[in-house]
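Note sheet for the following structure.
Below you can see the structure in the form of structure tokens.
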């Protein structure tokens, strides 16, 4: 179960589609970093809260990967929701206090990708099998 879950959570990509918006998402999840590029900011250096969140993220991720199946009909890797409080600490504590253009751009791209996925899931049959 672990190799399959690692692949789904970190490496599963999008699939191309012949119609607009020309890409679609696998119904059993895809990489959390592809669907939310904003999460790349957790790897910034600095900040007072870095050891504890990374330990928590590591332990929780191992538990998630050991689970047999991440489920179906989801966008991204839904079980990673338990990691969000720890990722939030890293996002807030690391990096400069003022937002940069790159940070805002990553946020806009993340929201756009999630909006497209929400549209495809709710109002089309592109994500449903």
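Residue numbers (our numbering): 4 to 132.
All C-beta atoms in this analysis are idealised placements derived from N, C-alpha and C, irrespective of residue type, glycine included.
Item                                                                                                                           : Value
Rounded to the nearest angstrom, what separates residue 17 and residue 117 at their Cα positions?                              : 13 Å
Can you tell me where the alpha helix (DSSP H) with residue 119 in it begins and where it stops?                               : 104 to 126
For residue 25, which of helix, strand or coil comes out of DSSP?                                                              : coil
CB-CB under 7 Å to residue 43, same chain, minus the five flanking residues each way: which ones, in chain order?              : 36 and 109
Considering only the beta carbon of each residue, do residue 27 and residue 123 sit closer than 8 Å?                           : yes
Should residue 93 go down as buried or exposed, given a rule of 16 or more other Cβ atoms within 10 Å for buried?              : buried
Mapping the DSSP letters down to three states, classify residue 18 as helix, strand or coil.                                   : strand
Between the Cα of residue 104 and those of 41, 24, 7 and 15, spot the shortest distance and give me the residue it belongs to. : 41
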